[in-house]
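Below: one structure, written as C-alpha cells.
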Amino acid sequence: MTLAAEALATGYGDVIVGRDIAFAVRPGEALCLLGPNGCGKTTLFKTLLGLIPPKAGRVTLDGEDIARWPRRRLAQAVAYVPQAQAALFPFTVAEMALMGRAARIGLFESPGAADHAAVAAALASLGLAGLAERVATELSGGERQLALIARALAQEPKALVMDEPTASLDLGNETRVLERVRELKARGLAVVLSTHDPDHAFLVADRVALMAKGGIVAIGPPEETITPDRLRALYGVPVAVPYVPELGRRIVAPSLRTAGETP
Ligand SMILES: Nc1ncnc2c1ncn2[C@@H]1O[C@H](COP(=O)(O)OP(=O)(O)OP(=O)(O)O)[C@@H](O)[C@H]1O
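Quick note on this note's numbering: the sequence shown kicks off at 94 and runs consecutively.
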C-alpha cells in the first residue's frame, strides 16, 4: 500500500507546524525522516495516522484520502510504533501484542485463533516468544520497545509509521530493530520512520527526507541526500560523511569543536 503526503500542512489549532510536505512511500520502501528536535516529525506522524487533521493538503493510502476512511479501516492498514515510553499498566507482552488486533476483532467478540496466531508470529519474528508472559512494567526499555513493535506487527498492517523506534535501545537491540525494518520492507510493507541517527538512513532507508522548521529541505536516496553541508545546516555542527570501504557505505561522523570555534 502506498502512503503519501500531498501538499500537506500540519499543526495544532491555529498553529502551523509543518508545511509543503510531499512524498510517497511505496510497498517495500522505507522513508527515513531526519531533523532536529521540534522540527515537526511527530506532528507529521500524527497527521499521517489520521490522529490530527491536516491544516492543508491530504494524506492518501493508494491514492484515497484517509480523511474519508473509517477509523477501523485505517487502523487495519497503518500501524504506529510510538516513541518508547514507560509502561503504565501491568499487561503481559502477549496481551500488549493482542491489543494490536483490536481493529480486527468485533466489538463483542473475543480474540480467536487467528488473533493468537498473529500475536505468536509477531513475537517470534522479534525474538520475544520467551518474554510473552512477562509483565510490561518489569521490562527493560529495549524489551518494551520491541514489544511495541510486536503490537504493530500483530496488527498485520500494510504500512508502518515508527517514531524513533531505536531511541533508548542498546547497540544489540538497535541493530535487531533495524534488521526487522529491513525484513518488513522485504515483506512488502511501506515504512516511514524517524531517527536522530543519520546512519540509520544509510542502513535501512530507500529515501531520506531532511526536515527543518516543519518543511522538507531535501528528499532522495541517502547517498545523494545526506551531505556534510546539509547536515551542518540542519544541526548547526560540522559533520563528515566519509565512505567506508569495509562497510560498503557512508557513515556520519560529527567532529567536536573546542570552545570559541564556529561551525
Ligand atoms: N499538542 C500540541 N499542541 C501544540 N503544539 C505542539 C503540540 N505537540 C507539539 N507541539 C509543537 O509542535 C512543534 C513540533 O513538535 P514535534 O513533536 O512534532 O517535533 P519532533 O520533530 O517530533 O521533535 P523531537 O525530535 O524532539 O521528538 C514543537 O514546537 C512543539 O512544541
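Beta carbons are placed, not taken as given, at the ideal position from N, Cα and C, and that holds for glycine.
- Of the other Cβ atoms in all chains shown, fewer than 16 fall within 10 Å of the Cβ of Glu226; this residue is therefore exposed.
- Between Pro338 and Arg350, the alpha-carbon positions lie close to 27 Å from each other.
- Beta-bridge pairing by DSSP links Leu253 to Ala172, Val284.
- Annotation: Gly313 to Ser287 spans about 15 Å, alpha carbon to alpha carbon.
- With fewer than 16 other Cβ atoms from the protein chains shown falling within 10 Å of its own Cβ, Ala115 counts as exposed.
- Between Arg323 and the set Val301, Arg342, Leu340, Thr140, the nearest pair of CA atoms involves Val301.
- Going by beta carbons, Val254 and Leu141 fall inside the 8 Å limit.
- Using a cutoff of 7 Å, the CB of Val118 does not count as near ligand 1, since none of the ligand's heavy atoms is closer than that.
- One alpha carbon belongs to Arg342, the other to Pro183, and they sit about 42 Å apart.
- Contact check for Ala279 against Leu124 fails: the beta carbons are separated by 8 Å or more.
- Around the C-beta of Val171, 16 or more other C-beta atoms lie within 10 Å, and the residue is accordingly described as buried.
- For the 8 Å CB-CB criterion, Leu327 and Gly128 form a contact.
- Nearest to Leu167 by C-alpha distance, out of Arg194, Ala217, Met189, is Arg194.
- Pairing Leu126 with Arg275, the inter-Cα distance amounts to about 16 Å.
- Counting the other Cβ atoms within 10 Å of the Cβ of Gln238 gives 16 or more, which makes it buried.
- A distance below 7 Å between beta-carbons, with the five flanking residues on each side excluded, links Met94 to the following residues of its chain, in chain order: Pro120, Leu154, Asp155, Ala170, Lys251, Ala252, Ala283.
- Counting along the chain, Val310 sits inside no alpha helix (DSSP H); it lies in the beta strand (DSSP E) bounded by residues 308 to 313.
- Counting only residues whose CB is nearer than 6 Å to a non-hydrogen atom of ligand 1, the list in chain order is Tyr105, Val108, Val110, Gly128, Asn130, Gly131, Cys132, Gly133, Lys134, Thr135, Thr136.
- According to the DSSP secondary-structure assignment, Thr103 is paired through a beta bridge with Gly111.
- From the listed residues Gly307, Ala245, Lys148, Leu303, the smallest Cα separation to Ile319 is found for Leu303.
- Taking 8 Å as the cut-off, the beta carbon of Ala190 is found closer than this to the beta carbon of Ala215.
- The beta carbon of Tyr105 sits closer than 6 Å to none of the beta carbons in its chain outside the five residues before and after it.
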